[in-house]
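Inspection log for the structure reproduced underneath, given as structure tokens.
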Amino acid sequence: GKYRVVSTKSMPGTRWIKLLTDNDCRLEICTEKKTILSVDDILALIGDHCHGVIGQLTEDWGEVLFSALKRAGGTAFSNMAVGYNNVDVDAANRNGIAIGNTPGVLTETTAELAASLSVAAARRIVEADQFMRAGLYDGWLPHLFVGNLLKGQTVGVIGAGRIGSAYARMMIEGFKMNLIYFDLYQSTRLEKFVTAYGQFLKANGEQPVTWKRASSMEEVLREADVISLHPVLDKTTYHLINPERLAMMKKEAVLVNASRGPVIDEVALVEHLRANPMFRVGLDVFEDEPYMKPGLAEMKNAVVVPHIASASKWTREGMATLAALNVLGKIKGYPVWGNPNAVEPFLDEKAAPPP
Ligand code: GLV
Ligand code: GLV
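The opening residue of the sequence shown carries number 87 in full-length UniProt numbering; numbering runs sequentially from there.
Okay, structure coming up:
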């Protein structure tokens, strides 16, 4: 192959490999056993001759790596993720490196995990599983693991982009929940969906579901029973969920995060979980991955999973394929999928600002 492409990790499937090797690329997949590569590890991988890199969200892609990639003759980088808070877009621009990400293929998979965490937290599934395995079940009891009924409750979505909207639809249609959402952009598609589904329910003699676009995030926190966070992580969303905002939430609310860990002040969250045993969380992401803040692992009212929201076979193979297409496309002069040197808007519907 004419072009040297490096993947910092082995990725699922073989299509992405074939795409590159069938199209003039010599692919090198890093075999390093440690999970998270350091900047030095990646510098060594790039070497002095490299046209493009497929990297991971655990890696710190900033000036050091992008300037090294430029010196090595590279022009392309793709994150194997939709989120790219680990990528310094300005540094990439300065060094003439195009950036790609992998949106779309992970929308439903991620939304399904957020929905699963919502149900697991509301119905105390993990706690009950642990109880069962510990041999503590000695007969049915009226009080045993009583949780929340989702039907008729309100689901709150913060960030109604692709994933947030897909999650909302699942919770509304699956559990007949009402919707309240907060986003800078209006999601008319989501609103129309809830209206149409509400009419369907009504025509069948059932209580219709309703929607409301909140004028502030606080309104969602105060009113919703289940709240799922779907913003991008940037300076404006760091510690979006802080002690003041935790205090606004209902005492028996469920909070779910399958976006990025630092969106929640995790130390404050642990304290809140301790003080409010009926408050429950479902977390896929953590502030200092792979670590949890002290105390979180002991909280029975927390369901925690290791950043697996996009982990379905179809999606991970799709992410790998898109990442390879991004890099190949730039090298060969095709359009780059995702975000070529630009931060795309959070939503595709550019409607009015919040009411
Ligand atoms: C995973 O977290 C992603 O951003 O794709
Ligand atoms: C990411 O895909 C989002 O916009 O939710």
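Don't be surprised by glycine CBs; every beta carbon is placed ideally from N, CA and C. Model, not experiment: these values are computed from the prediction.
L369 beta carbon less than 8 Å from that of Q343 = Position 257 of the sequence shown, counting from 1, holds the residue named residue 343. Position 283 of the sequence shown, counting from 1, holds the residue named residue 369. Sequence inspection shows Asn at residue 343; the Gln mentioned does not correspond to that position. Result yes, Cβ atoms of N343 and L369 sit closer than 8 Å.
Find out if the Cβ-Cβ distance for the pair A246, D215 is shorter than 8 Å.
-> On the sequence shown, residue 246 is found 160 positions in, with the first residue counted as 1. On the sequence shown, residue 215 is found 129 positions in, with the first residue counted as 1. For A246 and D215, no; Cβs fall outside 8 Å.
S96, DSSP secondary structure in three states | Taking the sequence shown and counting its residues from 1, one reaches residue 96 at position 10. S96: coil per DSSP, three-state reduction.
For the putative contact between G347 and E375, defined by C-beta atoms under 8 Å, what is the C-beta separation to the nearest angstrom?
-> The residue given as residue 347 occupies position 261 in the sequence shown. The residue given as residue 375 occupies position 289 in the sequence shown. That belief holds up - the Cβ atoms of G347 and E375 are roughly 6 Å apart, short of 8 Å.
Could you round the C-beta distance between M405 and S398 to whole angstroms and report it? I think they count as a contact, below 8 Å.
-> Taking the first residue of the sequence shown as 1, we reach residue 405 at position 319. Taking the first residue of the sequence shown as 1, we reach residue 398 at position 312. The Cβ separation is near 10 Å, so there is no contact.
Taking the DSSP output, what are the residues bridged to D134?
-> Within the sequence shown, the letter at position 48 stands for residue 134. Paired residue(s): none; D134 is not in a bridge.
Would you mind working out which of N290, L222, G242 sits nearest M303, comparing C-alpha positions?
-> What you label residue 303 is simply residue 217 of the sequence shown in a count that begins at 1. Minimum Cα distance to M303 is reached at G242.
Cβ-based neighbour list, R112, same chain, cut-off 6 Å, excluding 5 preceding and 5 following | The residue labelled residue 112 in the question sits at position 26 within the sequence shown. Taken in chain order, the residues that qualify are G87, R90.
Where does L433 land, buried or exposed, given buried means 16+ other C-beta within 10 angstroms?
-> By 1-based counting over the sequence shown, the position of residue 433 is 347. Bear in mind that the predicted position of L433 carries a pLDDT of just 28, short of 50, making it too unreliable to give a figure here.
Leaving out the 5 sequence neighbours to the left and right, which residues in its chain are closer than 6 Å to T391 when beta-carbon positions are compared?
-> Reading the sequence shown from its first residue, position 305 is the one you call residue 391. Checking the displayed sequence, the identity of residue 391 turns out to be Val instead of Thr. Correct list, in chain order: D370.
From the DSSP output, in three-state form, read off W400 for me.
-> Along the sequence shown, one-based indexing puts residue 400 at 314. W400 falls in the helix class under three-state DSSP.
For E330 versus I266, is the C-beta distance shorter than 8 Å?
-> Here residue 330 refers to the residue found at position 244 of the sequence shown. Here residue 266 refers to the residue found at position 180 of the sequence shown. No, they are not a contact pair.
Alpha-carbon spacing of S93 relative to A410, whole angstroms = Sequence index remark: in the sequence shown, residue 93 carries index 7 (1-based). Sequence index remark: in the sequence shown, residue 410 carries index 324 (1-based). For S93 and A410, the distance between alpha carbons rounds to 9 Å.
Mind pulling the alpha helix (DSSP H) runs of 4 or more residues that sit fully within the segment 211 to 268?
-> 211 to 219, 248 to 261
If you compare alpha carbons, which of S204, E403, N179 is closest to V367?
-> In the sequence shown, counting from the first residue as 1, residue 367 sits at position 281. Taking only the C-alpha atoms, the option nearest V367 is S204.
A167 beta carbon near ligand 1 (any heavy atom closer than 7 Å) = Walking along the sequence shown from the start, residue 167 turns up at place 81. Checking the Cβ of A167 against ligand 1 gives yes.
Assign E375 to one of three DSSP states: helix, strand, or coil.
-> The count along the sequence shown starts at 1 and reaches residue 375 at position 289. In this structure, E375 counts as coil in the three-state DSSP scheme.
Quick one: does the C-beta of A395 sit closer than 7 Å to a heavy atom of ligand 4?
-> The ligand content of the structure shown is limited to ligand 1 and ligand 2, which means ligand 4 is not among them.
Is L143 near ligand 1, judged by its Cβ being under 7 Å from some heavy atom?
-> Against the sequence shown, residue 143 aligns to sequence position 57. Indeed, a heavy atom of ligand 1 lies less than 7 Å from the Cβ.
Can you list, in chain order, the residues of its chain whose CB lies under 6 Å from that of A178, leaving out five sequence neighbours each side?
-> The sequence position of residue 178 within the sequence shown is 92, counting from 1. Correct list, in chain order: F152, I185.
State yes or no: is the C-beta of V408 nearer than 7 Å to some heavy atom of ligand 1?
-> Numbered from 1 along the sequence shown, position 322 holds the residue referred to as residue 408. Contrary to the premise, residue 408 reads as Leu rather than Val in this sequence. Result no, Cβ not under 7 Å from ligand 1.
Do L155 and I132 have their C-beta atoms closer together than 8 Å?
-> Looking up residue 155 in the sequence shown gives position 69. Looking up residue 132 in the sequence shown gives position 46. The answer is yes: Cβ separation under 8 Å.
Where Q285 falls, given that 16 or more other Cβ within 10 Å makes a residue buried | On the sequence shown, position 199 is the one that residue 285 refers to. Under this definition Q285 is an exposed residue.
Find the nearest neighbour of K262 within the set M364, A206, E149, V312, judged by alpha-carbon distance.
-> Locating residue 262 in the sequence shown gives position 176, counting from the first residue. When each option's Cα is compared against that of K262, the closest is V312.
Nearest to F231 by alpha carbon, out of R210, L359, K237?
-> Working through the sequence shown from its first residue, we reach residue 231 at position 145. It is R210.
Hey, E403 and R157: beta-carbon distance below 8 Å or not?
-> Translated into the one-based positions of the sequence shown, residue 403 becomes position 317. Translated into the one-based positions of the sequence shown, residue 157 becomes position 71. Not a contact, by the Cβ cut-off of 8 Å.
Are three or more beta carbon pairs between the segment 220 to 230 and the segment 163 to 180 nearer than 8 Å?
-> no
So what's G141 in DSSP terms, helix, strand or just coil?
-> Here residue 141 refers to the residue found at position 55 when the sequence shown is read from its first residue. G141 falls in the strand class under three-state DSSP.
For L192, verify whether its CB is less than 7 Å away from any heavy atom of ligand 1.
-> By one-based count along the sequence shown, residue 192 stands at place 106. Yes, the Cβ of L192 comes within 7 Å of a heavy atom of ligand 1.
Just the Cα atoms here: how many angstroms apart are E357 and A254?
-> Within the sequence shown, residue 357 is the residue found at index 271, counting from 1. Within the sequence shown, residue 254 is the residue found at index 168, counting from 1. When rounded, the distance between both Cα atoms is 28 Å.
What is the DSSP secondary structure of I128, counted as helix, strand or coil?
-> Within the sequence shown, residue 128 is the residue found at index 42, counting from 1. Here I128 sits in helix by DSSP.
Is it right to say N290 is buried, meaning 16 or more other beta carbons lie within 10 angstroms of its own, or is it exposed?
-> Within the sequence shown, residue 290 is the residue found at index 204, counting from 1. With fewer than 16 other Cβ atoms within 10 Å, it is exposed.
Report buried or exposed for D351, applying the criterion of at least 16 other Cβ atoms within 10 angstroms of its Cβ.
-> As a working note, residue 351 is residue 265 in the sequence shown. Classification of D351: buried, given that the 10 Å Cβ count is 16 or more.
Pairwise C-alpha distance: A197 and L319 | Indexing the sequence shown from 1 puts residue 319 at position 233. Indexing the sequence shown from 1 puts residue 197 at position 111. Approximately 17 Å, taken between the alpha carbons.
Euclidean distance between Cα positions of P98 and I249 = As a first step, residue 98 must be located in the sequence shown, where it is residue number 12. As a first step, residue 249 must be located in the sequence shown, where it is residue number 163. If I take the Cα positions, the gap works out to 22 Å.
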